[in-house]
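Asks:
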Amino acid sequence: MVSDILEIIFEGLELLIYGIIELLISIFWWTISILKWLITRVITALLTIVITQHQKECFDFIELSIQALKNHLQR
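In structure tokens:
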């Protein structure tokens with residue numbers, strides 16, 4: 014009788030421990046996926062900023078080249 018009760022208690026504890034472990038693993042993978050998402054967003058933002066800055070530099074260079082050609086042709 015007592016051994017049956019103890020067996021039921023230990024089986025319940027075993028299930029509880031497995032549930033907690035499964036929950037911790039799920040939280041770990043959820044955290045990893047959130048971090049991956051965050052890293053991709055940050056990298057996308059940084060690349061957008063870098064490309065935009067270089068694009069502006071290219072446009073500035075083209076404008077300066079056109080002005081230099083105009084000045085050269087006016088002489």
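Residue numbers (our numbering): 14 to 88. By construction, the Cβ of each residue, glycine as well, lies at the ideal position given by its N, Cα and C atoms.
Distance check for ALA81 and ARG88, CA to CA, integer angstroms please.
Replies: Between ARG88 and ALA81, the C-alpha separation is close to 11 angstroms.
Asks: With a CB to CB cut of under 8 angstroms and the five nearest residues on each side skipped, what residues in its chain are close to LEU37?
Replies: Excluding sequence neighbours, LEU37 sits near nothing in its chain.
Asks: Rounded to whole angstroms, what is the Cα-Cα separation between LEU86 and SER78?
Replies: About 12 angstroms.
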